[in-house]
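Residue numbers for the sequence shown follow my numbering, so the first one is 3 and each next one is one higher. One structure below.
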Amino acid sequence: MRILIAALLLAFAAWGIAEIYGEMAKTPATEQGSAPGG
(Lines of atoms letter the chains of each structure in order from A and count residues from 1; the text may use other names and numbers.)
(Lines give C-alpha, C1' and ligand atoms only; values in the text may rest on other atoms or scores of the structure.)
Protein backbone atom coordinates (compact mmCIF):
# COMPACT_ATOMS: atom_id res chain seq x y z
CA MET A 1 0.00 0.00 0.00
CA ARG A 2 2.84 2.36 0.87
CA ILE A 3 4.45 1.74 -2.54
CA LEU A 4 1.18 2.60 -4.31
CA ILE A 5 0.89 5.88 -2.40
CA ALA A 6 4.52 6.72 -3.14
CA ALA A 7 3.97 5.99 -6.84
CA LEU A 8 0.91 8.24 -6.89
CA LEU A 9 2.78 11.06 -5.15
CA LEU A 10 5.67 10.69 -7.59
CA ALA A 11 3.29 10.78 -10.55
CA PHE A 12 1.56 13.91 -9.23
CA ALA A 13 4.93 15.56 -8.53
CA ALA A 14 6.19 14.75 -12.03
CA TRP A 15 2.96 16.10 -13.56
CA GLY A 16 3.19 19.31 -11.50
CA ILE A 17 6.84 19.82 -12.45
CA ALA A 18 5.98 19.24 -16.12
CA GLU A 19 3.19 21.81 -15.90
CA ILE A 20 5.45 24.41 -14.24
CA TYR A 21 8.26 23.66 -16.69
CA GLY A 22 5.88 24.12 -19.63
CA GLU A 23 4.67 27.44 -18.25
CA MET A 24 8.25 28.60 -17.70
CA ALA A 25 9.18 27.54 -21.23
CA LYS A 26 6.32 29.63 -22.66
CA THR A 27 7.11 32.73 -20.60
CA PRO A 28 10.49 34.49 -20.43
CA ALA A 29 12.80 33.66 -17.53
CA THR A 30 11.41 35.27 -14.38
CA GLU A 31 13.06 35.70 -11.00
CA GLN A 32 10.56 33.47 -9.20
CA GLY A 33 12.38 31.01 -6.99
CA SER A 34 15.24 28.83 -8.24
CA ALA A 35 14.71 27.69 -11.80
CA PRO A 36 16.65 24.70 -13.16
CA GLY A 37 19.32 25.97 -15.54
CA GLY A 38 19.61 23.14 -18.01
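Built from N, CA and C at the ideal position, the CB exists for glycine as well.
Simplified DSSP state of residue i, which is helix, strand or coil
| i | result |
| --- | --- |
| M3 | coil |
Cα-Cα separation, residue i to residue j
| i | j | result |
| --- | --- | --- |
| I7 | A15 | 12 Å |
| A9 | K28 | 29 Å |
| Y23 | A13 | 15 Å |
| E21 | L11 | 15 Å |
| G18 | I5 | 20 Å |
| M3 | E25 | 33 Å |
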